[in-house]
Every structure is written in structure tokens, then in C-alpha cells.
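Asker:
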Ligand code: SF4
Ligand code: SF4
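Numbering (this note's numbering), first residue to last: 3 to 372.
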């Protein structure tokens, strides 16, 4: 939609419920943040009431805490351990199977993506992460058919981020906190005596969906309230660096002494890559029945921190933690510019939160400067 067509509406929780129902009636599988196992998880949901109402997160280096308030809020958490990537590029899926039939084999197709998905509460940084995945998986003859199908009918309901954590740095990567495009609908939640949301329509698909819902245009004061929250959110983010300078520093310093310092702390556990919304390394594995009658090929997420990942005939290319951490950070923050025209980092901070020893990539980058 062109900028001149952008209208903003004041909507209530009940209005969002109607949008949820409208998506369900159009056969979308709604997927959104729920509370499970003490964390905000992204799950398929059948009812709007399943959304993680009133939950807030407290994040720090290697720290994740969830608390609940009676404030009726819907999107006041920051980002949980999961990203929506798991629905576009699942952690594990069957590619194909083959079963012996007399003289030959019958080959069956593997898992198929859900037909239509609607992502609820997706943050701006993650929309940018999906755009990066698009560049990786939708490239001409090398396109990933599964991803392509999953992406085709995706409906995105974004939520402006008004409560960034101490680990967020999307202002540096210029990927948030306000969603700017890439969504069908977007809301900014305003916590007030009676909470409300400022809704923006971002696509024809979004417009069509809300056509039958009576929307009340937002007043200038209401729009200003939402804008103030987003501006305050930007100010709250204290981690700052220049991604282009970081890319240069990393590429020029493969032998910097600081890599040894990080390697002393890093456990090579791969958590940082598994929570990252843009990491996409994978491996395939074959499972064959002992009778030899049936075999399956599976694709699963892998990580450059795993020893086997760089194994080629004769040994591992990156046998040390130092070489793996250096590969991860240099590739993500520097090499990606050459491959995908952008950094591989969108500043979500998940790798900082979920690193068991609290390694903070922004601090490691700054240390390389000296
Ligand atoms: S590298 Fe870390 S901060 Fe950057 S996108 Fe990945 S998880 Fe988020
Ligand atoms: S940086 Fe942290 S999360 Fe990543 S592999 Fe090392 S210890 Fe694990």
C-alpha cells in the first residue's frame, strides 16, 4: 500500500478477537505467543484466549524470567526462545521415504507445510529476519520448495515492540522496534485504563480481511501515544554499534587475540544458533529399517558449533571452539553482506539471553576494536 493510503485505527481486544475469527474462517492456522514451560512459546492456537495475556519478560545475559500481571496486556513480553522461523523452516522434517515393493521401491513424498498460516504478534526484527530467509530460500533455481509453499499464503499480524529487553539492539541493526512494512496488519498496544491498540493495515490482503469489521479511526492523540511508546522503546536500548564497521573489523581480524578469550568461555553448545531467527544451517540424516525394507531421509537444523558440521573426509575443518565462534560471528555479521546483501543479525538479542554463559556478541564485537 502506498504511504498516502496508510490509515490508523483504534481497536480493542474484542476487535482483535474478530480478526482472529476472520482468519480462522478463511482456513488460516493462527500461530501466536502462548505461555508454556515458563516461557513465551509460539504455538498453533485455536482460540484467541490462548494468547499469553499479561505476561512480561525480564531478560539479561544468560537470564530469562517470565512474570504475569493483571494488566490485560497481550504483547508486553519481548521475544521468547522461539522464532517464527520454526514454522517456515522446521527444526526437523521428513524429506522423503522409500519402501521396498517386490522388484523395486515405492518413493513417498515427505512432510508438507501447513496450507495457510497467520503469525500473531511478530516483532519487527523478526519480519526483517523472514526477509533474510526469503533471500536465502527463494533464490531462483535454488529455491526451497517447502519454504516457498509455507511462505506463499502467510498472513502477518505484527506487534510494535514497546518493551525491549536489555539484550535487544534493533536500533543498531535498523530492524525495529516499529514494524515498517512486511506485514498485513500491525498493532501497537497502548496500556491504559482501558487498553487499546493502534492498528495499521499493510497490504491488500490485510485490508480485505478487516473490510467487514467496523473500525474506528484513531485520533491524533491516540496515534501520538503509540508513537511515543515506540520512540521511548528506541531510547531504552542501550546496546549500540555500527554493523558496517563491525563487518569490516571482523573481516580484518581473523587472528585477533580476543578470539582466544571468547573461546575460554564458549561451550560450543549451539544454543545461540538454534534460537537465532536467521541461522539456517542444516544436515540430512538417513534412517533405514534393519530389514532394509524402508528408509527415510530427514532434514534437521544443525549448527556451525557442532563438531560434525565441518567434518569432511579426513577430519573437521573447525576442530576448536575458537574457530567455530569466529566462523559464526564473522559469517553472520560480515560474510553475509557478500552473500545476502545484509547482515545476518537483526538485533533480537536471543543469542545473548540463551547463552548459558552469557556471552554477548555486541561486547565481543567492541572488544575486537582494540
Ligand atoms: S545473532 Fe543473536 S541478536 Fe542477531 S539475530 Fe541472531 S539471535 Fe538475534
Ligand atoms: S556463544 Fe554461548 S550459546 Fe553460543 S555456543 Fe558458545 S556457549 Fe553456546
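Even glycine gets a Cβ: it sits at the ideal position worked out from N, Cα and C.
1. Could you check if residue 388 is buried or exposed, using at least 16 other CB atoms within 10 Å of its CB as the buried criterion?
2. Please confirm whether residue 334 and residue 262 have their CB atoms less than 9 Å apart.
3. Which of helix, strand or coil does DSSP assign to residue 32?
4. Tell me whether residue 220 is buried or exposed, calling it buried when 16 or more other Cβ atoms sit within 10 Å of its Cβ.
5. For residue 279, count neighbouring Cβ atoms within 10 angstroms of its own Cβ and tell me buried if that reaches 16, exposed if not.
6. Have a look at the DSSP bridge pairing and note the partners of residue 266.
7. Hey, how far is the Cα of residue 297 from the Cα of residue 107?
8. Helix, strand or coil, according to DSSP, for residue 290 in the structure here?
9. Nearest CA to the CA of residue 138: which residue from 365, 368, 343?
10. Quick check: does the Cβ of residue 337 come within less than 8 Å of any heavy atom belonging to ligand 1?
11. Which same chain residues end up closer than 6 Å to residue 118 when comparing Cβ atoms and leaving out the 5 residues on each side of it in sequence?
12. Between the beta-carbon of residue 203 and the beta-carbon of residue 24, is there less than 9 Å?
13. With a CB to CB cut of under 6 Å and the five nearest residues on each side skipped, what residues in its chain are close to residue 209?
14. Within 10 angstroms of its Cβ, does residue 114 collect 16 or more other Cβ (buried), or is it exposed?
15. Give the C-beta separation of residue 305 and residue 276 to the nearest angstrom, bearing in mind that I take them to be a contact with Cβ-Cβ under 8 Å.
16. Rounding to the nearest angstrom, what Cα-Cα distance links residue 83 and residue 352 in this structure?
Answerer: So, from the data block:
1. Residue coverage of the chain in this structure runs from 3 to 372, which leaves residue 388 outside it and unanswerable.
2. Their beta carbons are not under 9 Å apart, which means residue 334 does not touch residue 262 by this criterion.
3. The three-state secondary structure of residue 32, taken from DSSP, is strand.
4. That one is buried.
5. By the 10 Å Cβ count, residue 279 comes out buried.
6. The secondary-structure analysis by DSSP pairs residue 266 with nothing; it has no beta-bridge partner.
7. Rounded to the nearest angstrom, the two C-alpha atoms are 10 Å apart.
8. Note: residue 290 maps to strand in three-state DSSP.
9. Its Cα nearest to that of residue 138, the residue 343 stands out among 365, 368, 343.
10. No.
11. The answer, listed in chain order, is 29, 30, 155.
12. With contacts defined as CB atoms closer than 9 Å, residue 203 and residue 24 fail to qualify as a contacting pair.
13. Contacts found: 203.
14. Answer is exposed; the Cβ neighbour count stays below 16.
15. Confirmed, about 7 Å.
16. Cα-Cα distance, rounded: 7 Å.
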